[in-house]
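S.K.: My questions will all concern the structure given below.
There are 4 protein chains.
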Amino acid sequence: MPKITQQQKEAVRSDILKAARSVFIEKGYEAASMKDIVARSGRSFGGVYLYYSNKEDVFLDLLRRQFEDMAENFAPDKPMSAWEAFERFLGEQEKRAREAVGGLAPCMFEYLIVGRRDANRRSLIEERHRAVYGSMFALVQDGLRRGEFQPSKSVETFVHWLVSFLDGIFLESIMTGAERIELAGQFELLLSVCRSILMPLGKEESK
Amino acid sequence: MPKITQQQKEAVRSDILKAARSVFIEKGYEAASMKDIVARSGRSFGGVYLYYSNKEDVFLDLLRRQFEDMAENFAPDKPMSAWEAFERFLGEQEKRAREAVGGLAPCMFEYLIVGRRDANRRSLIEERHRAVYGSMFALVQDGLRRGEFQPSKSVETFVHWLVSFLDGIFLESIMTGAERIELAGQFELLLSVCRSILMPLGKEESK
Amino acid sequence: MPKITQQQKEAVRSDILKAARSVFIEKGYEAASMKDIVARSGRSFGGVYLYYSNKEDVFLDLLRRQFEDMAENFAPDKPMSAWEAFERFLGEQEKRAREAVGGLAPCMFEYLIVGRRDANRRSLIEERHRAVYGSMFALVQDGLRRGEFQPSKSVETFVHWLVSFLDGIFLESIMTGAERIELAGQFELLLSVCRSILMPLGKEESK
Amino acid sequence: MPKITQQQKEAVRSDILKAARSVFIEKGYEAASMKDIVARSGRSFGGVYLYYSNKEDVFLDLLRRQFEDMAENFAPDKPMSAWEAFERFLGEQEKRAREAVGGLAPCMFEYLIVGRRDANRRSLIEERHRAVYGSMFALVQDGLRRGEFQPSKSVETFVHWLVSFLDGIFLESIMTGAERIELAGQFELLLSVCRSILMPLGKEESK
DNA sequence: AATGAATGAGGATTCATTCAT
DNA sequence: CATGAATGAATCCTCATTCAT
């Protein structure tokens, strides 16, 4: 019978992750040391290692929760057309790209790229890819089902293409800066391209 | 009067870089140690430090040469229309993306992302960005001058957009694999999108 | 709440310093390596670096404590005339010079001379100079105040002169050996010279 | 049959030493590297190692020549009283002390102190000590023989005492600076003290 | 459950000296 | 004689992780 409840345990984890998050964002994944995390969390080495067995473990939990939060927010809360949903989705991505620099995303890229050979990280990469691909695919599929979209191209390819673009714009935002790369303009352009792919015959709707 | 000629010196450098390249590709930038490079080059620590003052120095020389090689290959060797040149360029990029996994590109991403806070690396990022942006911009500009292209969108935004996409497709190729993401299909799609942006009024040429 | 008390911490420091001291004395400052200190202290690298961040840090703490010990011993514990105090002081110096060879003093000279260009060490030199000069100046000043001393020469110059001599005799003791340079005789001579400078009119007291 | 004459050999040595001297003065003995010496001499490693087998060898030759030069200059070139010679000698020492900072003396101290355990350096220390002691002893002896000096103290002790003082004042000049320690005043004081020791009955001569 | 002192392998870098040319 | 490229042992220092308390 554990002396502390599951809730307390969760509270500690969340506490550690909060500290870890700020350390990772500030220093990057590689440069962040357990010492930093321990110090910022106001705990001891033992105290942290009791909940996480190493730096990677901490980071993965952080990522997992990030994903969960994202998924939660993603559910459309009001009825809308498939295109509106798609638009909203891209809008969301634009916002995320814009805010990426100060967030965990650069760390995640770093983590995944540095560890691209590691089996565990590879599976995380795949999982993440599948998740992004899947959610976009669902959006398009929805439009197809409704008859809104009549894509002139293979849907699979189109979605891959979209994923590539979003990854790229994330990377560019992080490395070069959102302003510098005309983030807003790029998304506008993307939107119009997507419309002409998904709804090639559709009358131009006012944006 | 130097004991070894500039050519021999260059041969040694090239020898070291060859070893370093394979180490970097195999282990990644962070995980590679000078010890690895020294061992694989069949030289001594001193022998390597005689030519390069640290791991970063080795890597940067490797990158620099990579860039130079790329630039050399880029010069179009026969007269062609702007669109043909553009097509060729994208074809080249596709080939490079396909070959990226086994090459130095993943390391470069790693190097740049891990060091995104470092001033020197930031300037390398900018330089690289400018180079890629510049060469694409030139291609489009050429088409404009010739009257081949009548882009319906801002050229600057379009080029930024293209850069983002290429970065993204590189990243995806590296992380998820060219086959998995339907690399060829993506480039085909990209090509057709670019055509409709650059030559919105043009008759559809059979691809 | 620290796991080990300040006292234990101090005990570890003192333990490391004891080891370091013997290494420094045996090998000299330059020749001593952290590896030596680590080995002799029976600890690990990390264990030593936990308390001191490098060789110099260890050495400076060693020096600092040496100075403190010296200062403690210096307080005259019984009432005496200024001349008696002066005599005692010189006696103390003689003893220290005699014991210098087997102590830390040679290392300190080494440290200061080798690093004579380094700003930090320069300030240590000055500090040390001021301390020695100051304590001697105080002794003479005391005699002046009491009317015991009527020096025929500038007090400042005399004290500088004394410092030089003491430094020299230290150096000679270390390098050539106390016996060889007739340390005792030199101090006797110095004492009589000082008396005739400080109390030129005084009746000769039998030594 | 050597291909180069002894003279040429000597010229090369002198050339190397000139470079070495400036390196040693600039960086200090420990900090100077063979690479520095090789570079400044405009020669190659092999070229230097052909004449000197290591850094110490270079330095010792430098010292030896320094001593020889000093000895040459020391011969009094005109007849004078023993006291005048003594005075001149001290004057010479004052000048040397004043110029010590920019010369080889700091290096020599460094070399001797750092290597105080090394048998070869110890013998150099002794040799140097004997030389200094000997030349001073000769001066005093000369005064005794002429009947000029009637020292009230043991001549041996007095000379040791003088050597200590000179060593000390050298050290202080190097470390603290000639101005700071009132070099001139110290020598004046020393002179008057010496006079009263060597010629206790003599009438005070106006300085 | 929590602490935090201690571990020690591992990585980067230097430099006196050698030796093939 | 002269060169200078090459050697590699030696040094410093960090940091993820453990474990006695």
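Residue numbers (our numbering), protein chains in the order written: chain A, 781 to 987; chain B, 781 to 987; chain C, 781 to 987; chain D, 781 to 987.
All C-beta atoms, glycine included, are put in the ideal place defined by N, C-alpha and C.
A quick note: this is a predicted structure, and the numbers were derived from the prediction, not measured.
(1) I need the boundaries of the alpha helix (DSSP H) containing Ser976/B, first residue and last residue.
(2) Report the three-state DSSP secondary structure of Glu984/A (helix, strand or coil).
(3) Kindly indicate if chain C contains any beta-carbon less than 9 Å away from that of Ser944/D.
(4) Return the chain-ordered ranges of every alpha helix (DSSP H) run that is complete within the region 800-884 of chain C and spans a minimum of 4 residues.
(5) Just to check my reading of the structure: Thr937/D and Glu962/C have Cβ atoms closer than 8 Å, yes? What is that Cβ distance to the nearest angstrom?
(6) Give me, in chain order, the residues of the same chain whose beta-carbon lies closer than 6 Å to that of Met814/D; leave out the 5 immediate sequence neighbours on both sides.
(7) Can you have a look at Ser861/A and say buried or exposed, based on whether 16 or more other CB atoms are within 10 angstroms of its CB?
(8) If you check the beta carbons only, do Ile954/D and Val881/D fall under 9 Å apart?
(9) Could you confirm whether any beta carbon from chain D is found closer than 9 Å to the beta carbon of Gly981/C?
(10) Helix, strand or coil for Lys933/A per DSSP?
(11) Note the first and the last residue of the continuous alpha helix (DSSP H) segment covering Ile905/A.
(12) Would you please verify whether the beta carbon of Lys858/C is less than 9 Å from any beta carbon of chain D?
(13) Using a beta-carbon distance below 9 Å, is Ile977/B in contact with chain A?
(14) Measure from the C-beta of Asp947/B to each C-beta in chain A and report whether the shortest distance is under 9 Å.
(15) What residues in its chain sit with their C-beta under 7 Å from that of Arg926/C, if we drop five residues either side in the sequence?
(16) Which value, in whole angstroms, describes the spacing of the CA atoms of Lys983/D and Leu946/D?
(17) What are the residues in the region 793-810 of chain D lying within 7 Å of chain C by C-beta distance?
(18) If you reduce the DSSP assignment to three classes, tell me which class Arg793/B lands in.
(19) Given a cut-off of 9 Å on the beta-carbon distance, is the pair Pro931/A and Ile893/A in contact?
(20) Could you tell me whether the region 871-890 of chain D touches the region 787-795 of chain C, where touching means 3 or more Cβ pairs closer than 8 Å?
(21) How long is the line joining the alpha carbons of Gly747/B and Gln786/B, rounded to whole angstroms?
(22) Rounded C-beta distance between Val912/A and Val943/A? I'm assuming under 8 Å.
(23) Pull up the CB-CB distance for Ser802/C and Arg820/C, whole angstroms please, since I reckon it's below 8 Å.
(24) Can you tell which of Trp941/D, Thr956/D, Leu971/D, Gly957/D has the C-alpha that lies nearest to the C-alpha of Leu971/C?
(25) With 8 Å as the limit, tell me which residues of the region 856-888 of chain A have their beta carbon closer than that to any beta carbon of chain B; keep them in chain order.
(26) For Val973/A, would you say it is in contact with chain B, using Cβ-to-Cβ distances shorter than 9 Å as the test?
(27) Step through the CB atoms of chain A and report whether any lies within less than 9 Å of the CB of Ser934/B.
(28) Would you kindly check if the distance between the Cβ of Val818/C and the Cβ of Gly808/C is under 9 Å?
(29) For the ligand GDP, is there any heavy atom lying closer than 8 Å to the beta carbon of Glu936/C?
(30) To which residues of the same chain is Ala812/A closer than 6 Å at the C-beta, ignoring the five residues directly before and after it?
(31) Quick one: what's got a C-beta closer than 8 Å to Met916/A's C-beta in the same chain, skipping five residues either side?
(32) Is there a C-beta anywhere in chain D that falls below 9 Å from the one on Met955/C?
(33) Would you kindly work out how many angstroms separate the C-alpha atoms of Phe967/D and Arg845/D, rounded to a whole number?
(34) Between Gln873/C and the rest of its own chain, which residues show a CB-CB distance below 6 Å, the 5 nearest in sequence each way excluded?
(35) Between Glu806/C and Glu890/C, is the Cβ-Cβ spacing less than 9 Å?
M.R.: In terms of the structure at hand:
(1) 963-978
(2) Confidence is the limiting factor: at Glu984/A the pLDDT is only 46, short of 50, which leaves the residue's position unreliable, though a coordinate-based value still follows. Of the three classes helix, strand and coil, the one that applies to Glu984/A here is coil, per DSSP.
(3) yes
(4) Look at the region 800-884 of chain C and you find these whole runs of alpha helix (DSSP H), each 4 residues long or longer: 814-821, 825-829, 835-854, 862-880.
(5) 5 Å
(6) Lys835, listed in sequence order.
(7) exposed
(8) yes
(9) In the sequence as displayed, the identity of residue 981/C is Leu instead of Gly. No, Leu981/C lies away from the interface with chain D (no Cβ there is under 9 Å from its Cβ).
(10) coil
(11) 899-926
(12) no
(13) Answer yes: the Cβ-Cβ gap between Ile977/B and chain A drops below 9 Å somewhere.
(14) yes
(15) Beyond the five residues adjoining it in sequence on each side, Arg926/C comes within less than 7 Å, by CB distance, of Ala862 in the same chain, given in chain order.
(16) Note that Lys983/D scores 49 on pLDDT, short of 50, meaning its location in the model is unreliable; the coordinates nonetheless yield the value given after this. Each residue's alpha carbon lies about 26 Å from the other.
(17) Those residues of the region 793-810 of chain D that come within reach of chain C (Cβ to Cβ, closer than 7 Å) are Gly808, Glu810.
(18) helix
(19) No. Outside cutoff.
(20) no
(21) Nothing about residue 747/B can be reported from this structure: the residues present for chain B run from 781 to 987 only.
(22) 6 Å
(23) Contact between Ser802/C and Arg820/C is confirmed by a C-beta separation of about 6 Å, below the 8 Å threshold.
(24) Comparing alpha-carbon positions, the option among Trp941/D, Thr956/D, Leu971/D, Gly957/D lying closest to Leu971/C turns out to be Trp941/D.
(25) Pro886
(26) yes
(27) yes
(28) no
(29) No copy of the ligand GDP appears in this structure; indeed no ligand is present at all.
(30) Closer than 6 Å at Cβ, skipping near neighbours: Val803, Phe804.
(31) Phe869, Val939, Leu942, Val943
(32) Output row for Met955/C: interface = yes.
(33) 27 Å
(34) Leu946
(35) no
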